[in-house]
Amino acid sequence: MQKYLVPILALVIALPTDEAHAGLRYVSGEGRAVISGNDVTSARKAALADALYEAAAQLGTKVKGASQLNNGIYKDEHSILVDGHIRQHQIVAEGRENGSYFVKIDGIGNSDDSECGSSRVDLDMRKVRIQIANGITGYNYNAIVAGLRHGIDYLGEGESFRVTDQSHLPAISGAERDNHSTFDYMAQFTSSQPSLSGYSLSGDILVERIRNDGLLTNVTDIQATLSLKLYDNYTGSQIGLIRKSLTKADRRAIYGFAEPWQQQPRIDLHPLFEEARAELEHKLACQPLRAAVTEAGPSGIMLSVGAENGVNEGDYFLLTSTASKNQWQIVQVETVNSRQALARTLKPNPKILAGTTALLMR
Amino acid sequence: MLKVFGASVLTLTLLGCAGLSEGAMNAQPATYRAIGYAAWSIQSGSNAKQKQLMAIKAAKTEAMRDLAEKIHGALVSGRSIVVAHRGDSDFVQSSVEGLVRGARVVSIIPVAQDSYEVTLEVDAAEVEALRNMPPRTFR
Chain W
186 MQKYLVPILA
196 LVIALPTDEA
206 HAGLRYVSGE
216 GRAVISGNDV
226 TSARKAALAD
236 ALYEAAAQLG
246 TKVKGASQLN
256 NGIYKDEHSI
266 LVDGHIRQHQ
276 IVAEGRENGS
286 YFVKIDGIGN
296 SDDSECGSSR
306 VDLDMRKVRI
316 QIANGITGYN
326 YNAIVAGLRH
336 GIDYLGEGES
346 FRVTDQSHLP
356 AISGAERDNH
366 STFDYMAQFT
376 SSQPSLSGYS
386 LSGDILVERI
396 RNDGLLTNVT
406 DIQATLSLKL
416 YDNYTGSQIG
426 LIRKSLTKAD
436 RRAIYGFAEP
446 WQQQPRIDLH
456 PLFEEARAEL
466 EHKLACQPLR
476 AAVTEAGPSG
486 IMLSVGAENG
496 VNEGDYFLLT
506 STASKNQWQI
516 VQVETVNSRQ
526 ALARTLKPNP
536 KILAGTTALL
546 MR
Chain Y
129 MLKVFGASVL
139 TLTLLGCAGL
149 SEGAMNAQPA
159 TYRAIGYAAW
169 SIQSGSNAKQ
179 KQLMAIKAAK
189 TEAMRDLAEK
199 IHGALVSGRS
209 IVVAHRGDSD
219 FVQSSVEGLV
229 RGARVVSIIP
239 VAQDSYEVTL
249 EVDAAEVEAL
259 RNMPPRTFR
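Protein chains in written order, with this note's numbering: chain W, 186 to 547; chain Y, 129 to 267.
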């Protein structure tokens with residue numbers, strides 16, 4: 186058995202480690218090795234390697250096989266290649282049994298990116314400052330105000346994220362949002378607390394008028410620029426910048442003539458928000474789904490995410506102890522409602538406290 | 129009367145078959161299971177204990193192959209040659225290649241005199257995810 190120890194460990198250790206967007210998966214394994222002589226230490230190491238191999242196999246095993254029947258003579262051959270990265274593991278049971286040593290482990294492994302989009306992360310829309318240049322008036326101004334109002338609503342209707350401030354939106358009537366003095370529609374949201382387990386979006390939307398006059402011609406365009414920064418609330422780091430721009434012809438006139446030579450259609454801001462939401466979806470689709478532990482007690486662990494986030498019964502969450510990063514707990518979701526999930530711990534220790542962050546594993 | 133009885137039995141049998149077949153096609157199992165066997169007496173190892181562990185590994189590998197066939201299907205090819213109404217040669221080959229994820233050991237049972245039976249299981253949701261993945265080729 187020991188001759189397999191080096192290649193097995195080499196395989197498990199040499200697998201790629203830099204998988205920033207990879208999902209996590211709960212794995213377990215049991216390994217056995219014969220105790221040769223009284224060398225329990227070597228047998229234990231071999232059993233651990235075997236258990237890691239079995240656990241890694243749950244992350245991905247490539248199977249190849251062929252069977253042949255040639256004039257009544259049967260022959261077959263098959264091989265398996267284990268390909269999985271175990272990030273952390275811990276021994277849950279070990280001991281001697283009938284001349285061999287056994288080790289049982291559980292662990293956390295990286296799963297590949299194919300599961301992007303299977304969950305929806307929480308997104309706070311905050312401090313989106315909107316400015317419309319004073320020179321824009323009349324039907325263009327009305328079209329821009331309507332377009333911004335519709336655009337912000339549209340931006341919040343993503344498939345890979347759930348806007349946690351959405352519940353505030355219906356409370357804002359058209360008159361309140363149509364604030365001519367500041368054009369700051371989102372100012373109402375700045376006092377709310379961001380979700381620690383989610384993401385935040387903030388930035389500026391600027392609508393201005395650009396002059397491209399000639400000697401005899403009065404030519405102006407309207408340019409709308411959307412610049413939004415995406416933050417990870419848990420780490421506080423900026424994880425993306427969405428910058429989109431849209432230019433539309435405004436006035437086409439000859440000096441001395443009051444009427445423009447060409448009437449321009451109303452500006453439509455929808456394509457701007459369409460592009461921005463597509464990029465936002467792309468950036469958030471592969472982000473891990475995190476949750477905060479809102480309650481921890483004998484009845485279970487209450488998590489701040491639910492069916493609206495794509496959480497299902499039976500899903501596993503990884504919780505790292507706030508006391509020690511090396512100690513972790515795994516909980517399994519038992520019941521889910523739209524915004525919360527009740528989970529049960531798989532091990533007695535470590536104890537989980539309210540406020541701990543949990544990470545979905547699939 | 130006997131003819132009528134015979135026809136009825138045939139009709140009932142056919143109906144039963146059709147129902148079973150349709151049900152089998154539509155049924156979505158919650159898990160996929162596969163079994164592998166290996167004898168420990170033919171394994172390499174310096175003592176019986178080591179041979180037994182190797183047999184468990186071989187049985188697991190065989191079960192894994194069975195699981196891969198259930199998930200991805202098997203490619204079957206064959207050639208039979210008949211010369212002058214006499215079977216000359218007969219060759220059948222089946223091969224499988226695919227990725228298996230989330231397989232867990234359900235049981236390891238010693239069977240017969242010197243063999244092990246290993247049962248593996250994988251969730252249907254896992255199988256569905258694997259089937260939806262783009263095809264991969266590996267060496």
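Each residue gets a CB set at the ideal place from its N, CA and C atoms; glycine is no exception. Quick caveat: nothing in here was measured; it's all calculated off a predicted structure.
Residue from W:Ile424, W:Ala477, W:Ile452 and W:Asn403 whose Cα sits closest to the Cα of Gly441 (chain W): Per the C-alpha coordinates, the member of W:Ile424, W:Ala477, W:Ile452 and W:Asn403 positioned closest to Gly441 (chain W) is W:Asn403.
Gly280 (chain W) at chain Y interface by Cβ criterion, 8 Å: It does not; no Cβ of chain Y falls within 8 Å.
Distance between Arg193 (chain Y) and Ile290 (chain W) (C-alpha atoms, nearest Å): About 24 Å.
Cβ pair Ile293 (chain W), Leu503 (chain W) closer than 8 Å: A distance below 8 Å separates the beta carbons of Ile293 (chain W) and Leu503 (chain W).
Helix, strand or coil at Gln231 (chain Y) according to DSSP, with G and I counted as helix: Correcting the residue type first, residue 231 (chain Y) is Ala in the shown sequence and not Gln. Reduced to three states, the DSSP call for Ala231 (chain Y) is coil.
Short-range partners of chain W found in the segment 196 to 221 of chain Y, where Cβ spacing is below 7 Å: Listed by position along the chain: Ala196, Ser217, Asp218, Phe219, Val220 and Gln221.
Extent of the continuous beta strand (DSSP E) to which Ser462 (chain W) belongs: Sequence inspection shows Arg at residue 462 (chain W); the Ser mentioned does not correspond to that position. Counted as a single uninterrupted DSSP element, the stretch harbouring Arg462 (chain W) is not any beta strand (DSSP E) but the alpha helix (DSSP H) occupying residues His455 to Ala470.
Per-residue DSSP class, three states only, for Gln449 (chain W): Three-state DSSP puts Gln449 (chain W) in coil, outside helix and strand.
Alpha carbon of Gln525 (chain W) to alpha carbon of Ala241 (chain W), nearest angstrom: The straight-line gap from Cα to Cα measures roughly 31 Å.
6 Å Cβ shell around Met546 (chain W) - same chain, five flanking residues per side excluded: The residues Leu209, Arg210, Tyr211, Tyr501 and Leu503, in chain order, have a CB closer than 6 Å to that of Met546 (chain W) in the same chain once the five nearest residues on each side in sequence are set aside.
Rounded separation between Leu488 (chain W) and Gly341 (chain W) - CA only: Answer to the nearest angstrom: the Cα atoms are 23 Å apart.
Chain A within 8 Å of Gly250 (chain W), Cβ atoms only: This model lacks chain A altogether; the protein chains it does include are W and Y.
Within chain Y, the residues that His263 (chain W) reaches when beta carbons sit closer than 9 Å: By Cβ distance, chain Y contributes Thr189, Glu190, Met192, Arg193, Ala196 and Val224.
Extent of the continuous alpha helix (DSSP H) run through Asn325 (chain W): Element bounds for Asn325 (chain W): Gly323 to Leu340.
Delimiting residues of the alpha helix (DSSP H) encompassing Asp307 (chain W): For Asp307 (chain W), there is no enclosing alpha helix (DSSP H); the residue is part of the beta strand (DSSP E) that begins and ends at Val306 to Ile317.
Interface partners of Ser285 (chain W) on chain Y, CB under 8 Å: Residues of chain Y passing the Cβ test: Lys177 and Leu181.
Helix, strand or coil at Ala158 (chain Y) according to DSSP, with G and I counted as helix: The answer is coil: DSSP assigns Ala158 (chain Y) none of H, G, I, E or B.
Neighbour flag for Met546 (chain W) against chain Y, beta carbons, 8 Å: With a threshold of 8 Å between beta carbons, Met546 (chain W) makes no contact with chain Y.
Residues near Gly245 (chain W) in its chain [Cβ-Cβ closer than 6 Å; skip 5 each side]: Excluding sequence neighbours, Gly245 (chain W) sits near Asp268 and Gly269.
Per-residue burial, Ser296 (chain W) [other beta carbons within 10 Å of its own, 16 or more giving buried]: Buried, by the Cβ-count rule.
Any chain W beta carbon closer than 8 Å to Arg232 (chain Y): Judged by the 8 Å Cβ criterion, Arg232 (chain Y) is in contact with chain W.
Simplified DSSP state of Met261 (chain Y), which is helix, strand or coil: In this structure, Met261 (chain Y) counts as coil in the three-state DSSP scheme.
Beta carbon proximity, Ala242 (chain W) to chain Y, threshold 8 Å: Cβ-Cβ to chain Y under 8 Å: yes for Ala242 (chain W).
C-beta contact flag for Gln253 (chain W) and Lys247 (chain W) at 8 Å: In this structure, the beta-carbon distance from Gln253 (chain W) to Lys247 (chain W) does not fall below 8 Å.
Within-8 Å CB hit, Gln525 (chain W) to chain Y: Cβ-Cβ to chain Y under 8 Å: no for Gln525 (chain W).
Bounding residues of the beta strand (DSSP E) (the contiguous stretch that carries Gln408 (chain W)): Unbroken beta strand (DSSP E) run through Gln408 (chain W): Thr402 to Asp417.
Euclidean distance between Cα positions of Leu426 (chain W) and Ala461 (chain W): Roughly 10 Å separates the two Cα atoms.
Glu344 (chain W) in three-state terms, based on DSSP: Glu344 (chain W) falls in the coil class under three-state DSSP.
Residue of W:Val277, W:Ala231 and W:Ser227 minimising C-alpha distance to Pro535 (chain W): Comparing C-alpha distances from Pro535 (chain W) to each of W:Val277, W:Ala231 and W:Ser227 shows the shortest one belongs to W:Val277.
CA nearest to the CA of Ile537 (chain W), picked from W:Val288, W:Ser264, W:Ala477 and W:Ala234: Nearest option by C-alpha distance: W:Ala477.
Cross-chain neighbours of Gly245 (chain W) in chain Y, by beta carbon under 7 Å: Those within 7 Å of Gly245 (chain W) in chain Y are Leu227 and Arg229.
Coarse secondary structure for Ile199 (chain Y), derived from DSSP in three states: In this structure, Ile199 (chain Y) counts as helix in the three-state DSSP scheme.
Short CB-CB distance (under 8 Å) between Asn325 (chain W) and chain Y: Chain Y places no beta carbon closer than 8 Å to that of Asn325 (chain W), leaving this residue out of the contacts.
Any 3 or more C-beta pairs closer than 8 Å across the segment 207 to 221 of chain Y and the segment 175 to 192 of chain Y: Contact between the segment 207 to 221 of chain Y and the segment 175 to 192 of chain Y is absent, because fewer than three Cβ pairs lie under 8 Å.
Same chain, Cβ closer than 6 Å to Asp389 (chain W), neighbours up to 5 away in sequence not counted: Within the same chain, Cβ atoms closer than 6 Å to the Cβ of Asp389 (chain W) are found at Arg314 and Ser412, the five residues on either side in sequence being excluded.
Beta carbon of Val233 (chain Y) nearer than 8 Å to that of Thr159 (chain Y): Contact flag unset, no.
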